[in-house]
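Asker:
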Amino acid sequence: MQEPNLEELREQLDEVNIEVLKWINKRGELVKKIGEIKKAQGIKVFDPVREREMLNHIVDHHEGPFESSTIEHLFKEIFKAAKELQEDDYRKTLLVSREQKPQDTIVSVEDVEIGGGNLQYIIGPCSVESEEQVDQVAQALKERDIPILRGGAFKPRTSPYDFQGLGFDGLKILKKVGDRYGLKVVSEIVNPNHIEEAADYLDVIQIGARNMQNFELLKEAGRSDKPIFLKRGLAATINEFMNAAEYIISQGNDQIVLCERGIRTYETATRNTLDITAVPILKKETHLPVFVDVTHSTGRRDLLLPAAKAAIAIGADGVMAEVHPDPATALSDAQQQMDLDTFHQFMNELQK
């Protein structure tokens, strides 16, 4: 009997490739159905024990010519692809996803709109220290037609001995000064029980990076009728960030602004590492407006302007930055806040 020639063997190989492709896709469909059933039952989709059992079963039935380790590696890659397929389907079901709502969400802070092509700025001191201090910054914002004033009243700090903020007294100062100049005010809340009371003083409630996965706080914020300014966690993936926003929107509040504020990496030249590509990714994957906090992402006064230019160029809906009348005397983050003259130069460059 004549041996098949090279071309015949290649034709057989092409046929086998197509059969393998069909079975890989068939497996993908089965994995998706299993994932849907698990989600409906509240079961975690990824099961490492089951994956190990399948690999052992495959290797037990392996008869060559490949090494068993090679077969195990190949199937691990197939399993990995199937897991990514399940995660893609899950992301599409999120209420914050672009799949659920193709059009951009515009967050309304009374008459101020965030998103939908409206470039906005949120500026103010790191911490509310006194009425005089906040007043000077607010006056500068009014001169530049910037409608939203920020200021920290509850300050979750790395050290328990650092200035922790003035609490509700700080919120009262912020509101008083905001009303004086017709500015909307935003500040961070760290305790779920404070959300309702804080709503009397704030136009926007901020959830900071260290509380991005404080799930009880997220749910309580979702029950509020105030817009929520949600910052990405120090070591959070974009998927984790989106799921934090999902906690809020699942409670009925879709007025959410996402804020990229830098993530923790090995780099020490800046306070954090600004993940600038997070902006287009978030705008592609979600319908929510996206800000960039240039102060906390860089931690350097000299980098605020180029970082802000990059944020605007890549499509951010707004920029957050910190300003203090006298940064050298600031009770927190003195090295990264702009003084008033630097702030005006900063805005001159950005508004060209």
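In terms of UniProt numbering, the sequence shown opens at residue 1 and continues consecutively.
Backbone N, C-alpha and C define an ideal beta-carbon position, used for all residues, glycine too.
The structure presented is a predicted model; accordingly, all values stated were derived computationally and were not measured.
If we ignore side chains and look at the alpha-carbon of each, how far apart do G35 and A82 end up?
Answerer: Rounded to whole angstroms, G35 to A82 spans 10 angstroms at the Cα level.
Asker: Which residues mark the beginning and the end of the beta strand (DSSP E) in which A321 is found?
Answerer: Counting along the chain, the beta strand (DSSP E) containing A321 begins and ends at G318 to E322.
Asker: Quickly, what does DSSP pair Q206 with across the bridge? List them, please.
Answerer: For Q206, which the question treats as bridged, DSSP gives the partners E188 and F229.
Asker: For the region 338-348 and the region 139-146, state whether three or more C-beta atom pairs, one from each stretch, are separated by less than 8 angstroms.
Answerer: The region 338-348 is in contact with the region 139-146.
Asker: Could you tell me whether the region 161-175 touches the region 186-201, where touching means 3 or more Cβ pairs closer than 8 angstroms?
Answerer: In short, these stretches touch, since the Cβ pair count reaches three.
Asker: Let's test the definition: count the other Cβ atoms within 10 Å of the Cβ of C264 and tell me whether it reaches 16, buried, or not, exposed.
Answerer: According to the sequence shown, residue 264 is Arg rather than Cys. Exposed, because fewer than 16 other Cβ atoms sit within 10 Å of the Cβ of R264.
Asker: Look up E3 in the DSSP assignment and say whether it is helix, strand or coil.
Answerer: Correct three-state label for E3: coil.
Asker: In chain order, what residues of the same chain lie with their CB nearer than 7 angstroms to the CB of V279, ignoring the 5 residues before and after it?
Answerer: Cβ within range, chain order: E260, V290, V292, A311, I314, G315 and A316.
Asker: Go ahead and pull the three-state DSSP assignment for Y121.
Answerer: In this structure, Y121 counts as strand in the three-state DSSP scheme.
Asker: Who are the Cβ neighbours of N243 in its own chain at under 8 angstroms, not counting the five residues just before and after it?
Answerer: Around N243: L94.
Asker: Alpha carbon to alpha carbon, what distance is there between V134 and L183?
Answerer: Roughly 12 angstroms separates the two Cα atoms.
Asker: Could you tell me the distance, in whole angstroms, from the CA atom of I148 to the CA atom of M54?
Answerer: The straight-line gap from Cα to Cα measures roughly 56 angstroms.
Asker: Smallest Cα separation from F351: which of A308, F154, Q335 and E322?
Answerer: Here residue 351 is Gln; the residue named in the question, Phe, does not match the sequence. Comparing Cα-Cα distances from Q351 to each of A308, F154, Q335 and E322, the minimum goes to A308.
Asker: Please give me, in chain order, every unbroken run of the alpha helix (DSSP H) with length at least 4 that falls completely inside the region 64-142.
Answerer: Here the runs fully enclosed are 68-93.
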